[in-house]
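Remarks on the structure that follows.
Residue numbers (UniProt numbering): 1 to 217.
Rendered as structure tokens:
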């Protein structure tokens with residue numbers, strides 16, 4: 001969505017009035033806001049506009065911003081950590097309940113640590129996935145990373161995860177070999193400008209979508 005006007009006072013008043021309406025209905029209301037709005041149109045959402053829109057909420061704790069696709073597209077750095085508004089580092093990963101073997105495990109373990117070190121307003125890590133029961137390991141990895149101050153060793157993590165998944169004293173060594181193979185390949189995509197998707201109508205067809213400009217720094 002692109003607002004009908006980019007004038008700074010208009011944007012500030014629009015968010016301020018929305019906030020006031022929420023508070024009038026519930027004095028304890030917190031506006032949970034997706035930062036995807038800023039990433040969707042980087043030409044319109046320049047830094048000064050990003051600053052004034054959340055700035056219409058004069059009590060920082062009354063807004064919580066979800067940066068929803070950070071395993072692929074970093075927005076918080078360009079947006080100056082949302083100018084002191086509390087925000088959450090979120091993993092999206094499976095658009096529209098797509099089912100595939102795909103992940104960016106290096107970014108999942110390193111980027112949240114960087115954000116914790118550099119952003120004073122980051123308040124947590126979260127999942128913003130559009131479905132469950134697909135690619136469990138990449139979601140488990142982020143939630144495990146939330147309890148660690150340094151990037152998780154994915155080699156050790158994948159072995160432990162496989163052992164927990166196949167609870168049997170007779171599990172073959174080939175299980176670990178298989179999980180190491182996918183860890184080092186399909187789950188270790190380092191091109192953050194690309195993601196794979198599986199169309200609903202033809203599950204055997206795999207397409208790659210190229211993401212545009214990540215942010216307007």
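For every residue, glycine included, the Cβ atom is placed at its ideal position computed from N, Cα and C.
Remark: fewer than three beta-carbon pairs, one from each stretch, lie closer than 8 angstroms, so the stretch 41-55 and the stretch 18-30 are not flagged as touching. For residue 121, the closest alpha carbon among the candidates 171, 104, 64 and 129 is that of 64.
Judged by beta-carbon spacing, residue 124 lies within the 8 angstroms limit of residue 88, meaning their Cβ atoms are closer than that value. Judged by their CB atoms, residue 128 and residue 66 are nearer to each other than the 8 angstroms cut-off.
In this structure, DSSP gives residue 6 a state outside helix and strand, which the three-state scheme calls coil.
The stretch 84-164 is shown to contain whole alpha helix (DSSP H) runs of 4 or more residues at 105-118 and 136-145, in chain order. Here the stretch 144-154 does not lie against the stretch 92-103, with fewer than 3 beta-carbon pairs under 8 angstroms apart. In the three-state scheme derived from DSSP, where H, G and I count as helix and E and B as strand, residue 179 is classed as helix.
Contact annotation, residue 95 with residue 71: C-beta distance approximately 12 angstroms; criterion of less than 8 angstroms not satisfied.
Counting only the Cα atoms, residue 47 lies some 13 angstroms from residue 11.
Proximity of the stretch 100-119 to the stretch 167-180 falls short of the contact definition, fewer than three beta-carbon pairs being nearer than 8 angstroms.
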